[in-house]
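One line per chain: the protein sequences are A and B, in this order. Counting in our numbering, the first sequence runs from 1 upward without gaps. Counting in our numbering, the second sequence runs from 266 upward without gaps. Think of the CB as a built atom: it goes at the ideal place given N, C-alpha and C, for glycine as much as any other residue. Nothing here was measured: the structure is a model prediction, and the numbers come from that model. Structure, as C-alpha cells:
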Amino acid sequence: MPEIFQYAFMQRAFLVGILLSVIISLIGVVVVLKRLSMIGDALSHTSLAGVALGMILGLQPVVGAVIVCILAAFSIEGIRKAVPRYAEISVSIIMSVGIGLASILSGYVEDGAAFNAFLFGSIVAITDTEVILALVVTVIVLTAFILLYKELMYIIFDEQGAVLAGMPVRKINFVVTLLTAITVSVAARSVGALIVSSLMVIPVTCAMQVANSYLKTVVYSVLFSILFTVVGLTLSFYLNLKPGGTIVLTGVAVLIPLMAAGREK
Amino acid sequence: MGKPIVTVENMSFAYGKDNVLTDVNLVIEEQEYVGIIGANGAGKSTLMKLILGQLAPTKGEVRVEAKSIGYVPQVGFRKVSDFPANVEEVVMTGIYPEIGMFHFPGKQHRKRVAEALALVGMQEHRKRMLRELSGGQQQRVLIARALIHEPELLVLDEPLTGIDKEAGELLYLLLDRLNRERGMTILMVTHNMEQVARYTNRFYHVKNGGVHLDKSSILCDEVLKDKLLINKPKHYGSRNVSGQRRKLTEVSPKEEPYNAAYQKKEASETEKNNVSRKKASESRIPEGKTGGAASAAGKRTGKEEDS
C-alpha cells in the first residue's frame, strides 16, 4: 500500500474529498449555467458568519454554518426575484452582508485557530462524525440530482418554458437552493470556505471545454472534480502543502491549457 | 368559421398603475397563421405572455382552448444559444413533461426527436452542440422542440432575432408549410412587418395601448374579412376606469397547471389552494393532452384574479 494510504487521516481525507467533489461539481453545473457563479462565493463567506455564530453560542460550527447559509441562499433568491433585471446584485449584497457579519462575529470567537480552519479548510483533520455528515449529504444531493436531472436541465435552459410546461419550478428551485446551502456549509469545513466556490466553477468550466452534450458536461464536471481532489491531496501530502489550495490550483493548471486549446479550435 | 383557439375579450392589462393594454379584443381560430407586430415596448410581448398564461389580465378575459401549446423562445439571448447541450438533448426537453418526473427518456422518445428534427430539416445535426449552429439553425431546433409534442397552437417570440435575411426567409417558409400542410395554428410575435404581411393570414398591430387589426391584412385574405375584429382603445392613455385595477401577478404553475402529467401529482395541493378558482377550471376543456410540454385549455379573467 502506498505510504499516503497508510494513514487513517489521509484515508478519511480522500473519502470525504471525493464525496464532496462529486456534489460540489453537480451544484456547480447549476450555478454556472444559471449565470450565478458568484453564489458559491457569497454562500461560503456567509457560512463563515454562521461558523462564528455557532462557536459563540456553543453550537457545532457546521450547524451554525448550515442555518446561516440557508437563510442567505433564500435571501439571494428573494432579492433576485425583487430585482430580476439586476439579478447578480443579489449575490453581491448577500456576500457583503456575510463578510461584514463574519468579520464582526469572528472578533468574539475565543478559539481563533478553530475559526481559521474554516477559512482554508482542514480536510486532513476531519472527524468520523464529519465523515458521516459528508456521506449523508452526498447521498441526498446525488439522489436529488439524478431524479431531477431532466427537470433541472429544462429549468436551466429555459425557465420560462419550464413554467409553461407545468413543471414545479418553484419547488425544484427551492430544493436546489437548500442543497446548495447545505453543500457549501459542509464543504467549508473540509476544503475551506474561501475555496469551495472555485471548486464549483473550475470543473464545470473544464467540462464545457471538452464535452459535446449536456450529459457529458455533467459527467465530466464530476470526473474533473474528483481528479483535482485526488491529485491535489496527493501533491499536498508529498509536497507538504495546504490541501484546499493545492486542489484548486491543480484545477486551474488543467483549465488553462484546456481553454487555450479551445480558443485554437 | 373555425373553432376559436385564442379569445381575448375586453381585456386590459397594467403593470402596477401603468396601463399597457386597454380594452383588447382578439380571436385566433384553428389553422390560422396570425402575426402580432409592434415597436419595442408597445406591449406585444405582454400580449403574448397574457395568451401564454404567464400574466393575468387586469380586466376582461383571455381564453386559450388549445390542447397543447408549443412555445419557441428567442434564440438571441446568450443563455439559450450558449447552453452546452446538443441538438438531440434540446429537442428532447420538449417531451420531458410528458415523460414525467423521476422517469428517463427511452428509445421511442429518441425516435420522436428524430422525426421532429426531420420535419425542420435538422436531422443531420442532431449530435452537434447548439452553440455551434447558426442563428437560423438554432431557431429550427427550437421549433422542432416545440413541435415534438404536436401542439395545437405554436407561439413564436421574435423568431428573426439574430438571424440573417436568407435564414429568416427559410424559417418563414417552414412555418408556412406547417400551417398549410399540417393545419397548425401559428401565432407569431415580431416587428418584421414585411414578412408577416407576406405569410400570415392576418396580423394585429399593438400600438398606443391598443391592439387593432391591420387593414391591409384584411385584403390579404378576403375569406376572413367578415369575421375580423377591429378594436381600438376607447380611452387612449387613460387609467383603468373600471376600478378593477390590481397588482401584477404572475400565474404560477400551481395556480394554472398546464400539463396533466404534472397536474395529477399536484392535484390535491392545487385543489386546497384554488377553491376560489374552481369555477374557472370547470370552464376549461377537461381533456388536456397529457403529452404536451404545455398542454393548455385555460381561461384567465381579471375578475377571477381579483377574487
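Residue i vs residue j beta-carbon contact at 8 Å
{"i": "B/Leu-438", "j": "B/Ile-451", "result": "no"}
{"i": "A/Val-204", "j": "A/Gly-28", "result": "yes"}
{"i": "B/Val-273", "j": "B/Val-289", "result": "yes"}
{"i": "B/Gln-404", "j": "B/Leu-436", "result": "yes"}
{"i": "B/Tyr-361", "j": "A/Tyr-154", "result": "yes"}
{"i": "A/Leu-135", "j": "A/Leu-19", "result": "yes"}
{"i": "A/Ile-56", "j": "A/Tyr-7", "result": "no"}
{"i": "A/Ile-94", "j": "A/Ala-42", "result": "yes"}
{"i": "B/Pro-339", "j": "B/Glu-459", "result": "Looking at the sequence itself, residue 339 of chain B is Gln, so the reference to Pro does not match. Contact flag unset, no."}
{"i": "B/Gly-335", "j": "B/Leu-419", "result": "yes"}
{"i": "B/Val-471", "j": "B/Gly-308", "result": "yes"}
{"i": "A/Phe-9", "j": "A/Val-186", "result": "no"}
{"i": "B/Ala-301", "j": "B/Glu-417", "result": "Reading off the sequence shown, one finds Ile at residue 301 of chain B, where the question assumed Ala. Result no, Cβ atoms of B/Ile-301 and B/Glu-417 do not sit closer than 8 Å."}
{"i": "A/Phe-120", "j": "A/Gly-40", "result": "no"}
{"i": "A/Leu-258", "j": "A/Val-196", "result": "no"}
{"i": "B/Met-366", "j": "B/Val-454", "result": "no"}
{"i": "B/Asn-457", "j": "B/Leu-425", "result": "yes"}
{"i": "A/Ala-65", "j": "A/Gly-58", "result": "no"}
Spatial neighbours of residue i in its chain, beta-carbon cut-off 6 Å, leaving aside the 5 residues before and after
{"i": "A/Val-22", "result": "Val-222"}
{"i": "B/Lys-544", "result": "With a pLDDT of only 35 at B/Lys-544, under the threshold of 50, the placement of this residue in the model should not be trusted; the figure read from the coordinates follows. Around B/Lys-544: no qualifying Cβ."}
{"i": "B/Val-337", "result": "Leu-407, Ile-408, Ala-411, Leu-421"}
{"i": "A/Arg-170", "result": "none"}
{"i": "A/Ile-202", "result": "Gly-251, Leu-255"}
{"i": "A/Ser-198", "result": "Val-248"}
{"i": "B/Pro-518", "result": "With a pLDDT of 28 at B/Pro-518, under the threshold of 50, the modelled position of that residue is not reliable, and the figure given next carries that caveat. If we look at B/Pro-518 and ignore the five residues flanking it on each side, it has no Cβ neighbours."}
{"i": "A/Arg-80", "result": "Ala-87, Ser-90"}
{"i": "A/Ser-225", "result": "Ser-21, Ser-25, Pro-203"}
Own chain partners of residue i with C-beta closer than 7 Å, once the 5 adjacent residues on each side are dropped
{"i": "B/Phe-278", "result": "Val-285, Leu-286, Thr-311, Leu-315, Leu-320, Pro-322, Thr-323"}
{"i": "B/Met-357", "result": "Pro-370, His-374, Val-378"}
{"i": "A/Thr-183", "result": "Ile-23, Ile-24, Ile-27, Val-137, Val-141"}
{"i": "B/Ile-364", "result": "Pro-370, His-374"}
{"i": "A/Thr-229", "result": "Gly-17, Ile-18, Ser-21, Ile-247"}
{"i": "B/Ala-432", "result": "Ser-399, Gly-400, Gly-401"}
{"i": "B/Val-385", "result": "Arg-405, Ile-408, Ala-409, Leu-439"}
{"i": "A/Leu-241", "result": "Leu-235"}
Pick from the options that is closest to residue i, judged by C-alpha positions
{"i": "A/Ser-130", "options": "A/Pro-61, A/Ser-25, A/Leu-194", "result": "First, the amino acid is wrong: residue 130 of chain A is Glu here, not Ser. Per the Cα distances, A/Pro-61."}
{"i": "A/Ile-256", "options": "A/Arg-170, A/Ile-182, A/Cys-206, A/Ile-195", "result": "A/Cys-206"}
{"i": "B/Gly-318", "options": "A/Ser-96, A/Ala-162, A/Gln-6, A/Ala-125", "result": "A/Ala-162"}
{"i": "B/Leu-443", "options": "B/Arg-396, B/Gln-296, B/Val-329, B/Glu-330", "result": "B/Gln-296"}
{"i": "A/Val-63", "options": "A/Val-254, A/Ala-211, A/Leu-133", "result": "A/Leu-133"}
{"i": "A/Pro-168", "options": "A/Glu-151, A/Leu-179, A/Ile-156", "result": "A/Glu-151"}
{"i": "B/Ile-293", "options": "B/His-456, B/Glu-353, B/Met-449", "result": "B/Met-449"}
{"i": "A/Tyr-214", "options": "B/Glu-330, B/Ser-399, B/Gly-359, B/Glu-354", "result": "B/Glu-354"}
{"i": "A/Asn-212", "options": "B/Asn-473, B/Met-366, B/Leu-398", "result": "B/Leu-398"}
{"i": "B/Val-476", "options": "B/Gly-267, B/Pro-269, B/Met-458, B/Asn-275", "result": "B/Asn-275"}
{"i": "B/Glu-415", "options": "B/Glu-434, B/Ala-331, B/Gly-267", "result": "B/Ala-331"}
{"i": "A/Ala-188", "options": "A/Ala-261, A/Ser-44, A/Ala-253, A/Thr-217", "result": "A/Ser-44"}
{"i": "A/Lys-34", "options": "A/Ala-260, A/Val-176, A/Tyr-220", "result": "A/Val-176"}
{"i": "A/Ile-70", "options": "A/Val-210, A/Ile-172, A/Thr-180, A/Val-97", "result": "A/Thr-180"}
{"i": "A/Thr-165", "options": "B/Phe-468, B/Asn-305, B/Gly-359, B/Ala-307", "result": "Note that residue 165 of chain A is Ala in the sequence shown here, rather than Thr. Checked all of B/Phe-468, B/Asn-305, B/Gly-359, B/Ala-307; the closest Cα to A/Ala-165 is B/Gly-359."}
{"i": "B/Leu-291", "options": "B/Glu-326, B/Val-385, B/Thr-455", "result": "B/Glu-326"}
{"i": "A/Ile-67", "options": "A/Gly-58, A/Lys-81, A/Val-51, A/Arg-80", "result": "A/Val-51"}
{"i": "A/Gly-100", "options": "A/Lys-242, A/Ser-47, A/Lys-81", "result": "A/Ser-47"}
{"i": "A/Phe-157", "options": "A/Met-1, A/Gln-209, A/Val-30, A/Ser-122", "result": "A/Val-30"}
{"i": "A/Tyr-149", "options": "A/Val-83, A/Thr-217, A/Ala-65", "result": "A/Thr-217"}
{"i": "A/Met-200", "options": "A/Ser-37, A/Glu-3, A/Ala-65, A/Asp-111", "result": "A/Ser-37"}
{"i": "A/Val-32", "options": "A/Met-208, A/Glu-3, A/Asp-128", "result": "A/Met-208"}
{"i": "B/Ser-333", "options": "B/Ile-413, B/Gly-306, B/Glu-389", "result": "B/Ile-413"}
Chain E within 8 Å of residue i, Cβ atoms only
{"i": "A/Val-175", "result": "Of the protein chains in the structure, A and B, none is chain E."}
Sequence-distant residues of the same chain with beta carbon closer than 8 Å to residue i, five excluded per side
{"i": "A/Phe-5", "result": "Gln-11, Phe-14"}
{"i": "B/Leu-494", "result": "The pLDDT assigned to B/Leu-494 is 34, lower than 50, so where the model puts this residue is not dependable; a value taken from the coordinates is nonetheless given after this. Closer than 8 Å at the Cβ level, and outside the excluded window around B/Leu-494, lie Asn-290, Leu-291, Val-292, Leu-478."}
Near the ligand PLP: residue i beta-carbon under 7 Å from a heavy atom
{"i": "B/Asn-290", "result": "Among the components modelled here there is no ligand, and therefore nothing to report on the ligand PLP."}
Q.
At 4 residues or longer, what runs of the alpha helix (DSSP H) sit wholly inside the segment 435-480 of chain B?
A. Listed in chain order, the complete alpha helix (DSSP H) runs (minimum 4 residues) inside the segment 435-480 of chain B are 458-464.
Q. Any chance the segment 139-151 of chain A sits against the segment 82-93 of chain A, with 3 or more Cβ pairs inside 8 Å?
A. no
Q. Contact between the segment 392-408 of chain B and the segment 342-361 of chain B: three or more CB pairs below 8 Å?
A. yes
Q) Between the segment 219-235 of chain A and the segment 63-75 of chain A, do three or more beta carbon pairs fall short of 8 Å? A) no
(Q) Measuring CB atoms only, is the segment 178-197 of chain A touching the segment 156-170 of chain A, in the sense that at least three cross pairs come out at less than 8 Å? (A) Counting C-beta pairs with one atom in each stretch, the segment 178-197 of chain A and the segment 156-170 of chain A have fewer than three that are closer than 8 Å, which means they do not touch.
Q) Of all the beta strand (DSSP E) runs that stay within the bounds of the segment 276-331 of chain B, which reach a length of 3 or more residues? A) 283-294, 298-302, 324-329
Q. Whole alpha helix (DSSP H) runs in the segment 3-62 of chain A with 4 or more residues, listed along the chain?
A. 8-33, 39-57
Q) Taking only runs of the alpha helix (DSSP H) that begin and end inside the segment 137-203 of chain A, which ones reach a length of at least 4 residues, in chain order? A) 149-157, 159-164, 169-190
Q. For the segment 69-107 of chain A, which segments carrying the alpha helix (DSSP H) assignment without a break, of at least 4 residues, lie completely within its bounds, in sequence order?
A. 88-106
Q: Go through the segment 327-403 of chain B residue by residue and report every complete run of the beta strand (DSSP E) that reaches 3 residues or more, in order.
A: 334-337
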